[in-house]
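A.B. asks:
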Amino acid sequence: MLGGTMKEFQSFLKTVGGNEGNKCHYPSRLDSYGCGCAHDCKYCYAKSLLKFRNLWHPEHPAVANPRKVLRELAFMNPKQIGVLRLGGMTDCFQPIEKDKRITYQIIQGLNAMRIPYLIVTKSAMVADDEYIAILDRDLAHIQITVTTTDDELSKTYEKASVPSERIKAIEKLQALGYDVQLRLSPFIPKYIDYDILNNVKCDKILIEFLRVNAWIEKWFRLDYSAWTVYENGYKHLPLSVKKALIKKITGFKEMTVCEDETTAYKYWKEHFNHNPDDCCNLRL
Ligand code: SF4
């Protein structure tokens, strides 16, 4: 039951299409909260789409009704869902979750229906003991996003847990035997201390290079002259540059690149990714 004047979030389930949907193995997305994310990352893609229509309210996101969510999932064909990604247009572990516990209830429901789920978050909350108590080792796959290794720098453009807390959460989940990855996304080479990154105690890393459009250009103070490959509305680093940068990442047993630029996508799939059939490299 949603209390008071809380706005109900109705469009909690989506399937992404287009270029991303064609390349992504996990296009079914579920958001426990909508129309705003308190992490309020300056560069947020969802914000770039919703803010100008006055549909982005990070201070009071709309809240999904877990009973409706689970009822809708129960009517769907499990094959159609595949692995359900929690966190599409917002973060399912933004601070409101501490109070509303919508994601908590959804995870319990997914466990009961034996539907596997992929949590993508910038919050260390996912590794709090109360969530560890319900995350099912066979169903749960967790990617914790890191955009820089510098806590102070991260505070200048995102309000989620600082990177050192996210890294502690990753290491806790790894030690407990979960299928967890450090999701370096976007990978901004200048923002990374490779000594810190390569010493994270986690087996798996997923890398997504920064791609640049006018919105992104506005938020990061970078020299964008190296982003010379243009495709689908974004500028990308050339594959040769990406290959050189990735050699600096040495601390992980399994590496994979999430990519949407066609030439590079083919290269990573055929020559680099730990699992060529799944660029998310989930343990399935
Ligand atoms: S955590 Fe994700 S959804 Fe939330 S503001 Fe940041 S980029 Fe947007």
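Just so we're aligned, residue 27 is where the sequence shown starts under the working numbering, counting upward by one.
Glycine included, each C-beta is placed from N, C-alpha and C at the ideal position.
Source: prediction; values computed, not measured.
Regarding Q200 and ligand 1, is the C-beta to nearest heavy atom distance less than 8 angstroms?
C.D. replies: No, Cβ of Q200 sits at least 8 angstroms from all heavy atoms of ligand 1.
A.B. asks: Mind checking which residues open and close the beta strand (DSSP E) that includes Y256?
C.D. replies: Note, Y256: beta strand (DSSP E), V255 to E257.
A.B. asks: With distances taken Cα to Cα, identify the nearest neighbour of K273 among K33, E191, G114 and N224.
C.D. replies: Considering only alpha carbons, the answer is N224.
A.B. asks: Less than 8 angstroms between the CB of A195 and some heavy atom of ligand 1, yes or no?
C.D. replies: It does not: the Cβ of A195 is nowhere closer than 8 angstroms to a heavy atom of ligand 1.
A.B. asks: Have a look at Y143, D177 and K181 and flag the residue whose alpha-carbon is nearest the alpha-carbon of H167.
C.D. replies: Cα-wise, what sits closest to H167 is Y143.
A.B. asks: Would you say H65 touches ligand 1, meaning its beta carbon is less than 8 angstroms from a heavy atom?
C.D. replies: It does: the Cβ of H65 is within 8 angstroms (strictly closer) of some heavy atom of ligand 1.
A.B. asks: Spatial neighbours of E296 within its chain, please: CB distance less than 8 angstroms, with the 5 preceding and 5 following residues excluded, ordered by chain position.
C.D. replies: Only P302 meet the Cβ criterion.
A.B. asks: Measure the CB-CB distance between I158 and K126 and report whether it falls below 9 angstroms.
C.D. replies: No, they are not a contact pair.
A.B. asks: Taking the alpha carbon of S180 as the point to measure from, which residue in Y204, S211 and I196 has its own alpha carbon closest?
C.D. replies: Closest by alpha carbon: S211.
A.B. asks: Between I193 and the rest of its own chain, which residues show a CB-CB distance below 6 angstroms, the 5 nearest in sequence each way excluded?
C.D. replies: If we look at I193 and ignore the five residues flanking it on each side, its Cβ neighbours are V226.
A.B. asks: What are the complete alpha helix (DSSP H) segments, minimum 4 residues, inside the segment 228-293?
C.D. replies: Counting whole runs of 4 or more residues, the segment 228-293 contains the alpha helix (DSSP H) stretches 240-245 and 265-272.
A.B. asks: Does DSSP classify Y59 as helix, strand or coil?
C.D. replies: If DSSP states are grouped into helix, strand and coil, Y59 belongs with the strands.
A.B. asks: For L111, which residues does DSSP report across the bridge?
C.D. replies: The residue asked about is misnamed: residue 111 is Arg in this sequence, not Leu. Answer is R55 and L144.
A.B. asks: Is any heavy atom of ligand 1 found at a distance shorter than 8 angstroms from the C-beta of A88?
C.D. replies: For ligand 1, not one heavy atom lies less than 8 angstroms from the Cβ of A88.
A.B. asks: Can you tell me whether DSSP reads I158 as helix, strand or coil?
C.D. replies: Helix, per DSSP.
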